[in-house]
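Colleague:
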């Protein structure tokens with residue numbers, strides 16, 4: 491161990507880097523912007539129903555309501571529901587924390603989704619469709635705290 495030298499560097503290499511579907515943008519001094527534009531666009535495209543238009547929020551007031559009497563999705567649609575929610579959970583934990591509230595509910599419905607849950611997912615995907623380019627911006631403060639600036643959410 492005597493012949494090994496350890497050199498620590500904290501140099502910012504700048505530019506844009508992509509890792510695990512997350513784009514890290516170091517072009518602004520002292521900040522890093524995280525986006526998952528391609529990953530989220532892929533999730534929107536994976537939906538069996540075409541997603542047209544945008545929404546200003548991830549869910550409406552009825553997001554957390556459960557209707558036990560509604561018709562269940564057919565297996566193909568239910569599988570698609572499950573796969574999209576799972577993809578979005580990955581993105582929500584990495585670079586889009588504003589997605590977590592709606593995902594918290596939608597993830598409870600993956601075992602037995604109904605048509606109203608499908609409509610909630612489509613609405614959620616419309617929100618994502620309109621917010622693909624909005625980054626999560628991280629920057630240190632004077633006290634070395636990290637603040638995350640997230641998208642504006644209206645419910």
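Numbering (our numbering), first residue to last: 491 to 645.
The beta-carbon is built from N, C-alpha and C at its ideal position, and this holds for glycine as well.
Within this structure, are the beta carbons of residue 596 and residue 610 separated by less than 8 Å?
Modeller: Yes, these two residues count as a Cβ contact at 8 Å.
Colleague: Contact between the segment 511–527 and the segment 542–560: three or more CB pairs below 8 Å?
Modeller: These segments do not touch.
Colleague: Could you check which residue in 567, 627, 553 and 607 has the C-alpha nearest to that of residue 587?
Modeller: Checked all of 567, 627, 553 and 607; the closest Cα to residue 587 is 627.
Colleague: How about residue 615 and residue 581: do their beta carbons lie closer than 8 Å?
Modeller: In this structure, residue 581 does not lie closer than 8 Å to residue 615 by Cβ.
Colleague: What residues are listed by DSSP as bridge partners for residue 669?
Modeller: Here the chain comprises residues numbered 491 to 645, so residue 669 is not present and cannot be evaluated.
Colleague: Return the residue from the list 630, 535, 621 and 546 that minimises the CA-CA distance to residue 571.
Modeller: It is 535.
Colleague: Cβ atoms of residue 526 and residue 573: under 8 Å apart, would you say?
Modeller: Taking 8 Å as the Cβ cut-off, residue 573 and residue 526 do not qualify as a contacting pair.
Colleague: May I ask you to report which of helix, strand or coil DSSP gives residue 575?
Modeller: Helix.
Colleague: On the DSSP letters alone, give me the boundaries of the beta strand (DSSP E) that residue 522 sits inside.
Modeller: Counting along the chain, the beta strand (DSSP E) containing residue 522 begins and ends at 522–525.
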